[in-house]
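This report refers to the structure that appears directly beneath it.
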Amino acid sequence: DAKTTQPPSMDCAEGRAANLPCNHSTISGNEYVYWYRQIHSQGPQYIIHGLKNNETNEMASLIITEDRKSSTLILPHATLRDTAVYYCIVRPRERLTGGGNKLTFGTGTQLKVEL
Amino acid sequence: DTAVSQTPKYLVTQMGNDKSIKCEQNLGHDTMYWYKQDSKKFLKIMFSYNNKELIINETVPNRFSPKSPDKAHLNLHINSLELGDSAVYFCASSQVDPSYEQYFGPGTRLTVT
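Residue numbers (this note's numbering), protein chains in the order written: chain A, 1 to 115; chain B, 1001 to 1113.
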């Protein structure tokens, strides 16, 4: 799986947009970009994923650069409940022979949303 | 309705004991996983099963033995527990297609004394 680089921490004011960057310069053409988050002591939660087009769902938007070497997760109106560790993960599009569908987590970005 | 459930939520035991953690999913998924999150918060895959067949075994000691009685259940049995086994263990499930997301359980915090 391609390695990802994220800032260790970020702060955001409640109600403002939180923009979380991720570098994945070694990503290959058949790899998705996934975002998960882990709220303190809970299991990781899926947020969004994309291949090369920008994506939006009820939780967030994902902006992927044209060269696919970086992406940004946008939480449009952050709330206190969005305080969590956010993980950017790159994984193959196809199921690997003998490799299953594992997620390789890095260290993520600790997002702190404050009043 | 809980999608992925684990029992117990907390487990405190002594070194050398044998213990099991149970996981059940009601999502109809074919693939289930065990992840370990250590004290430094690194989250790492341990095992993956697809339709009761072991797919991934990530250099986990033989003391750890997953068992999948059916595709809705994946249990983790640990023999001869060691201090280093203290961690939070997360079960997850997904559709077999890698484009689908994984759903995680609430975790089991194992403390070995």
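Every residue, glycine too, gets a C-beta built ideally from N, C-alpha and C.
All values reported here derive from a predicted model rather than from experimental measurement.
Exercise. Below 7 Å CB to CB, which residues in the same chain sit around Leu80/A once its five sequence neighbours on both sides are set aside?
Key: Numbered from its first residue, the first sequence carries residue 80/A at position 80. Closer than 7 Å at Cβ, skipping near neighbours: Glu14 and Val113.
Exercise. Give the DSSP-derived three-state secondary structure of Asp1085/B in the structure shown.
Key: The residue given as residue 1085/B occupies position 85 in the second sequence. Look at Asp1085/B here: in three-state DSSP terms it is helix.
Self-check item: Which of helix, strand or coil DSSP assigns to Asp11/A
Solution: Here residue 11/A refers to the residue found at position 11 of the first sequence. In the structure shown, Asp11/A falls within a strand segment according to DSSP collapsed to helix, strand and coil.
Practice problem: Inspect the CB distances between the stretch 56-76 of chain A and the stretch 12-26 of chain A and report whether three or more fall short of 8 Å. | Solution: Counting Cβ pairs under 8 Å, three or more are found: they touch.
Self-check item: Where Asp82/A falls: helix, strand or coil (DSSP)
Solution: Residue numbering aside, residue 82/A sits at position 82 when the first sequence is read from its first letter. Assignment of Asp82/A by DSSP, reduced to helix, strand and coil, places it in the helix class.
Quiz item: Could one say the Cβ of Glu1101/B lies closer than 7 Å to chain A's Cβ atoms, at least one of them?
Solution: For the purposes of this step, residue 1101/B is taken as residue 101 along the second sequence, with counting starting at 1. Interface residue (Cβ-Cβ distance to chain A less than 7 Å): Glu1101/B is classified as such.
Exercise. Check whether the Cβ of Asn54/A lies closer than 7 Å to any Cβ atom in chain B.
Key: On the first sequence, residue 54/A is found 54 positions in, with the first residue counted as 1. Contacts with chain B at 7 Å (Cβ-Cβ) do not include Asn54/A.
Quiz item: Grouping DSSP H, G and I as helix and E and B as strand, with all else coil, what is Ser28/A?
Solution: One-based indexing of the first sequence puts residue 28/A at position 28. In the structure shown, Ser28/A falls within a coil segment according to DSSP collapsed to helix, strand and coil.
Self-check item: Coil, strand or helix - Thr1031/B by DSSP
Solution: Locating residue 1031/B in the second sequence gives position 31, where the first residue counts as 1. In the three-state scheme derived from DSSP, where H, G and I count as helix and E and B as strand, Thr1031/B is classed as strand.
Quiz item: Which residues, in chain order, does the stretch 1048-1066 of chain B contribute to contact with chain A at a C-beta distance below 8 Å?
Solution: With the criterion set as a beta carbon lying under 8 Å from some beta carbon of chain A, the members of the stretch 1048-1066 of chain B are Ser1048, Asn1050, Ile1055, Ile1056 and Glu1058, in sequence order.
Quiz item: Between which two residues does the beta strand (DSSP E) harbouring Thr72/A extend?
Solution: Indexing the first sequence from 1 puts residue 72/A at position 72. Counting along the chain, Thr72/A sits inside the beta strand (DSSP E) bounded by residues Ser70 to Leu75.
Self-check item: Contacts around His1077/B, its chain only, beta-carbon distance under 6 Å, and the 5 residues preceding and following it disregarded
Solution: As a working mapping, residue 1077/B is identified with position 77 in the second sequence. Cβ neighbours of His1077/B beyond the five flanking positions: Ser1020 and Ser1065.
Exercise. Please say whether Ser1005/B and Glu1024/B have beta carbons closer to each other than 7 Å?
Key: What you label residue 1024/B is simply residue 24 of the second sequence in a count that begins at 1. What you label residue 1005/B is simply residue 5 of the second sequence in a count that begins at 1. In this structure, Ser1005/B lies closer than 7 Å to Glu1024/B by Cβ.
Quiz prompt | Sufficient close CB pairs (3 or more, under 8 Å) joining the stretch 1028-1043 of chain B to the stretch 1066-1074 of chain B | solution = Contact between the stretch 1028-1043 of chain B and the stretch 1066-1074 of chain B is present, because at least three Cβ pairs lie under 8 Å.
Quiz item: Do Thr1059/B and Ser1086/B have their C-beta atoms closer together than 7 Å?
Solution: Here residue 1059/B refers to the residue found at position 59 of the second sequence. Here residue 1086/B refers to the residue found at position 86 of the second sequence. Their beta carbons are not under 7 Å apart, which means Thr1059/B does not touch Ser1086/B by this criterion.
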